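The structure appears below as structure tokens.
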Ligand code: TRP
Ligand code: SF4
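Numbering (our numbering), first residue to last: 20 to 354.
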């Protein structure tokens, strides 16, 4: 029997290289070996975008299209919409009794995110909602309702998986063995730097290479990328390790990496031609995604069908786990 994988992604914007190398690439690889569920986490996206419902709504389809273009195969992976599975919300309420407030505030992911909000909004009391602080509980419900044995995530999500494991242990201790304790599966790449050299690639930072960027956009972005600032002339020796162009060569031009590195170090490579080579490799890397995107864009009804069938299948699974959960909790009045 194949093991279950459950993972999720918030529909808040277009997929970029950070999503791909930090998570989606791994899902694409794993989908053949595992029974894979990918959740479009619209309810979770609303925890910090509750005042922007249109943004979340518009990105559900966009993200589905993005995932299919990136290589998520609907024959192997169940893609579904979180809000269409009411059992997740129900289970979130039950789990709410098993987690203390102080444990939530101690969750490193939540802590970091609260600090970021404070920096943005100043008054913590006004900006941190109950729903936001509690989102690890909802994420534990996501994972466990689908009996996710493995959760492929980036490093930033590890504290959330740990919290889910604690909830499962507590549940099973109190109500009897019912739930599966999930294991994290870390991606090979943890975090992808932005075009500007920032540690994180992110839409709000304006430093992304999107998976659906056109050839023109790719050229413009790479031509403007930060190189070694000490390299002035074409034949100056430089340090590729401080250069963003080299950084992306490492992702999409693995075969020629040694040459790029040694030529740069010896001053045998100009930045313009180095960038042109990267543009070519980046386009080669993105081309199959562009082709798949074009296909799905021309057949929006197929995307709708993938989402509705995936959601239906996910719902069946959630219902059957919920039945067992209610039996264990002695709230199974109808059966
Ligand atoms: N919190 C995850 C993120 O921001 C998205 C997510 C939602 C998720 N539900 C999940 C990840 C369940 C793993 C498992 O990227
Ligand atoms: Fe960067 Fe290439 Fe220029 Fe070296 S030659 S600094 S790797 S762009």
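Cβ coordinates follow ideal geometry from the N, Cα and C atoms, glycine included. For clarity, every value in this text was computed on a predicted model and none was experimentally measured.
Next on the checklist: Using DSSP's beta-bridge definition, name the partner residues of residue 57.
Outcome noted: Along the chain shown, one-based indexing puts residue 57 at 38. Bridge partners of residue 57: 26 and 98.
Checklist entry - What does a CB cutoff of less than 7 Å around residue 321 pick up in its chain, not counting 5 residues either side in sequence? => result As a first step, residue 321 must be located in the chain shown, where it is residue number 302. Contacts found: 315.
Next on the checklist: DSSP has residue 355 in a bridge; who is on the other side?
Outcome noted: The question about residue 355 has no answer, for the chain in this structure spans 20 to 354.
Item to check | Proximity to residue 177 [Cα-Cα], best of 261, 324, 220 and 204 | outcome: Position 158 of the chain shown, counted from the start, is the residue given in the question as residue 177. Checking every option, the nearest Cα to that of residue 177 belongs to 204.
Item to check | Secondary structure of residue 262, DSSP reduced to three states | outcome: By 1-based counting over the chain shown, the position of residue 262 is 243. DSSP places residue 262 in coil when its eight states are reduced to three.
Next on the checklist: I'd like the span of the alpha helix (DSSP H) that includes residue 84, first residue to last.
Outcome noted: Position 65 of the chain shown, counting from 1, holds the residue named residue 84. 72 to 89 is the extent of the alpha helix (DSSP H) around residue 84.
Item to check | Start and end residues, beta strand (DSSP E) containing residue 204 | outcome: Here residue 204 refers to the residue found at position 185 of the chain shown. From DSSP, the beta strand (DSSP E) with residue 204 extends over 202 to 205.
Next on the checklist: Can you check which of these residues, 97, 182 and 197, is closest to residue 339 by C-alpha distance?
Outcome noted: For the purposes of this step, residue 339 is taken as residue 320 along the chain shown, with counting starting at 1. For the residues 97, 182 and 197, the minimum Cα distance to residue 339 belongs to 197.
Checklist entry - Is it the case that the Cβ atoms of residue 64 and residue 75 are separated by a distance below 7 Å? => result Mapped onto the chain shown, residue 64 falls at position 45. Mapped onto the chain shown, residue 75 falls at position 56. Taking 7 Å as the Cβ cut-off, residue 64 and residue 75 qualify as a contacting pair.
Item to check | Alpha-carbon to alpha-carbon, residue 32 and residue 219 | outcome: Here residue 219 refers to the residue found at position 200 when the chain shown is read from its first residue. Here residue 32 refers to the residue found at position 13 when the chain shown is read from its first residue. In a straight line, the C-alpha of residue 219 is about 15 Å away from that of residue 32.
Checklist entry - Can you give the beta carbon distance from residue 184 to residue 171, rounded, assuming they're within the 8 Å contact cut? => result Counted from its first residue, the chain shown places residue 184 at position 165. Counted from its first residue, the chain shown places residue 171 at position 152. With a Cβ gap of about 15 Å, residue 184 and residue 171 do not count as contacting.
Checklist entry - Going by the C-beta, is residue 57 closer than 6 Å to any heavy atom of the ligand TRP? => result Against the chain shown, residue 57 aligns to sequence position 38. Answer for residue 57: no, Cβ out of range of the ligand TRP.
Next on the checklist: Can you find the residues in the same chain that come closer than 7 Å, C-beta to C-beta, to residue 154, ignoring five residues on each side of it along the sequence?
Outcome noted: For the purposes of this step, residue 154 is taken as residue 135 along the chain shown, with counting starting at 1. Excluding sequence neighbours, residue 154 sits near 63 and 66.
Next on the checklist: Rounded to whole angstroms, what is the Cα-Cα separation between residue 8 and residue 208?
Outcome noted: Missing from the structure shown is residue 8; the chain here goes from 20 to 354 and no further.
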